[in-house]
Structures are given as structure tokens and as C-alpha cells.
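Residue numbers (the working numbering): 81 to 438.
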């Protein structure tokens, strides 16, 4: 069972911008000392929802500060960049880290990001698949050309090559059953979490994934199965609930960015997202605290005992062998994040280590 950290780099004025990244690096340093196995970084643009535009740059800094932790992207958004540049950056991070890169990839979902980059969102799936082909060729072939609809490559030889062979492990971000089915068919790891869907929906999509893996000759037991949650461990439930407004901010902000949000279209290929995400902006603290299997269930706040109970619930619903835990939620104070990590390591981590993953 691997246990990792996840950072969204959400910041809405409580912390000066020039301090955000320093605090995260301190938390990652502390995470390595405490025994966390990985750290995951997402790509987002143009919103305080997520302020890390280039995870590979930040991953390079982490690679020089840590010796053991795996460094994952969750995810690099393929339509937003040239695949050859991404292949070069990823291979460099793999080299700088001594072969510790986990390469999470996605096609993006936030309408404003596509609008500002002037990229047709309904073409994102086709762009994702084309980019993935080029990246894998860049990793594994000495010289290659590619004649695609979105990118054309002529006689490219890419340096450096990644240390991990044939390339770093690749992960797909997925919401729709179609994505899970295709990832299973091709044998890729998937990144999951009930952040703006329910655990029931995640469970159903994962069933599609496992069936597809089996049908196409892939071994589920060899797959890495990360699962992401927002988490805060406090000495008591009362102290934890007093901080749950930080998670509520996440949902209220997200409600304005998803496909189908008020004033925003639902592009083709995004039908699995909530039809009317505005309800996320109406969630209350009590609803998050008692979310259960509903939307918002990815919020695990509480005493160590309550957190253990909730994590066991997720393990009873879907197979998990790698946790992606988001300790720095919204504007949660740096000191409280460090305390939460310490309490988790002392009381919760040993229980998870004993649990059987996939």
C-alpha cells in the first residue's frame, strides 16, 4: 500500500503567492521524513482553483530535495502543449529524480482553460490520443516521424531518454466509463477520486475498467490504483469540522468551472460530468461532513478514529493500493497541515499499511 500527497495549489488570498510554493516544498520535505511514498502535482491555469501551470518545473525542484518519494503528475493536460516538449520535460525529471517520475496524463475539463488557450474542447479526446502516441514514440524510438491531425513530427530524435524503461509508468485521469474502458483495453493505470462525482459512480466506472483489463489480457494485480481524497486529521472531530469550510470552498469554486456550469457549454465528450454543476456551489458544511456516498464524499475530515473509519469505507467499495491525499485543502494554514500530516502518520498510516491493496 503506497501513501502519497496531492497538491492542487489552491489559494484565494489567505497566503501571499510567493509563500505558497515554499510552504508546499516544506510539507513535501516533511512528508518524506514521515514516510510518505509519493507526491502528485496537477496542471491548471487562469484560476485560484489551481495555480500550478507547469508541474514539470515544480517536479524538478522536488527531485533535487527528495531522495525516495515518487513524483507524479496528476495530470499534465495534453491538448495544452506540444507533445515533444512534454516528452523532453518528463524525461529530464525522470533523470533528475533517478527514475522516480509517475506520468499522469489527461485531456482537461475546465472550460475557461480551453477558452483562453483557444483550443476546441470537443477535440480534446482526439488530441489526447494523438499526443500520447507521440510521447511514447519520443521515449522509445531513436528517430521517428508522425503525421497527425493536430501535430506533425519530422525526423525527430528526442533527448534525454527517460531512465525508466521503456518509459515512466503512465496514468490516465478518468471520469467516463468510455475512458475507463479504453484505459483498461490499452493497459494503463487510472487516477480516481470522488471529487465531483459520487463513490458509486467511481465504483461503476472501475468495474468497467477491471472488465476491460481482463478482456484484453492485462493483470489487475500489476496495476497501480491511486485514489484521491481531501483529508484533514485533527485531535478531535470538533476541531476537524471547524476547518471543513476549506473543502467547501473547493466545491463552490469548481461549480463555476466545470462543463455545463451556468453560462458554460457542455462540449462533446463531457456528457459524464454533472449536467448542472451549480448544485456544487450550494453544498453546505453539514452536507460535506455527512457526505457518505454522495457528491462531496471525497472529503475526509475528523479525528484519527473517524478518518480510519472513512478510509476503510472507501476500501470496501473499490480496490485501492495507492492513496493520493490532499492535506493542504484551500487556505488551510501551513502549521495545521503539518500537524495533520503528523497525526495521520502516527495514527492512520500504520492501519493503511496493514491493509491489503490490489
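Just so it is clear, CB atoms sit at the ideal spot from N, CA and C, and this is done for glycine as well.
Around the C-beta of residue i, are 16 or more other C-beta atoms found within 10 angstroms, so that it is buried, or is it exposed?
i: residue 471; result: Examination of residue 471 is not possible in this model, given that the chain is present from 81 through 438 alone.
i: residue 315; result: exposed
i: residue 237; result: exposed
i: residue 196; result: exposed
i: residue 223; result: exposed
i: residue 178; result: exposed
i: residue 88; result: buried
i: residue 275; result: buried
i: residue 115; result: exposed
i: residue 346; result: buried
i: residue 241; result: buried
i: residue 165; result: exposed
i: residue 322; result: exposed
i: residue 152; result: buried
i: residue 444; result: Residue 444 is absent from the model: the chain starts at 81 and stops at 438.
i: residue 102; result: exposed
i: residue 146; result: buried
i: residue 412; result: buried
i: residue 169; result: buried
i: residue 245; result: exposed
i: residue 426; result: exposed
i: residue 305; result: buried
i: residue 113; result: exposed
Take residue i as the anchor and find which of the options has the nearest alpha-carbon.
i: residue 187; options: 209, 169 and 174; result: 209
i: residue 190; options: 366, 408, 98 and 342; result: 342
i: residue 267; options: 402, 183, 256 and 252; result: 252
i: residue 286; options: 310, 311, 255 and 312; result: 255
i: residue 205; options: 230, 216 and 330; result: 230
i: residue 269; options: 351, 379 and 155; result: 155
i: residue 416; options: 165, 211, 312 and 385; result: 312
i: residue 260; options: 281, 289, 283 and 273; result: 289
i: residue 284; options: 294, 147, 432 and 258; result: 258
i: residue 423; options: 385, 403 and 212; result: 385
i: residue 90; options: 102, 131, 83 and 109; result: 131
i: residue 388; options: 308, 428 and 294; result: 428
i: residue 68; options: 211, 309 and 228; result: One cannot answer for residue 68 here, as it falls past the ends of the chain, which runs 81 to 438.
i: residue 218; options: 110, 327 and 235; result: 235
Ordered along the chain, which non-local residues of its own chain (more than five positions away) have a Cβ less than 6 Å from that of residue i?
i: residue 199; result: 159
i: residue 439; result: Because the chain here runs from 81 to 438, residue 439 falls outside it and cannot be looked at.
i: residue 265; result: 292 and 296
i: residue 361; result: 332 and 335
i: residue 104; result: 87
i: residue 390; result: 380
i: residue 96; result: none
i: residue 250; result: 183 and 268
i: residue 383; result: 316 and 317
Keeping to the same chain, check which residues put their C-beta closer than 7 Å to that of residue i; ignore five residues upstream and five downstream.
i: residue 192; result: 126, 127 and 337
i: residue 214; result: 163, 164, 226, 231 and 233
i: residue 435; result: 81 and 395
i: residue 141; result: 105
Let me know the secondary structure DSSP gives residue i once reduced to three states.
i: residue 312; result: strand
i: residue 268; result: coil
i: residue 231; result: coil
i: residue 146; result: coil
i: residue 341; result: coil
i: residue 236; result: strand
i: residue 382; result: strand
i: residue 151; result: strand
i: residue 301; result: helix
i: residue 306; result: strand
i: residue 260; result: helix
i: residue 95; result: coil
i: residue 424; result: helix
i: residue 412; result: coil
i: residue 138; result: helix
i: residue 247; result: coil
i: residue 199; result: coil
i: residue 101; result: helix
Any idea which residues DSSP pairs residue i with across the strands?
i: residue 127; result: 130
i: residue 252; result: 185 and 270
i: residue 82; result: 402
i: residue 226; result: 233
i: residue 120; result: 86 and 152
i: residue 157; result: 186
Could you tell me whether any non-hydrogen atom of the ligand ADP is closer than 7 Å to the CB of residue i?
i: residue 105; result: The ligand ADP is not part of the structure shown, which contains no ligands of any sort.
Looking only at its chain, what residues have a beta carbon closer than 8 Å to the beta carbon of residue i, apart from the 5 residues adjacent to it on each side?
i: residue 340; result: 346, 350, 353, 354, 355, 356 and 357
i: residue 324; result: 312, 365, 368, 369, 379 and 381
i: residue 175; result: 240, 242 and 243
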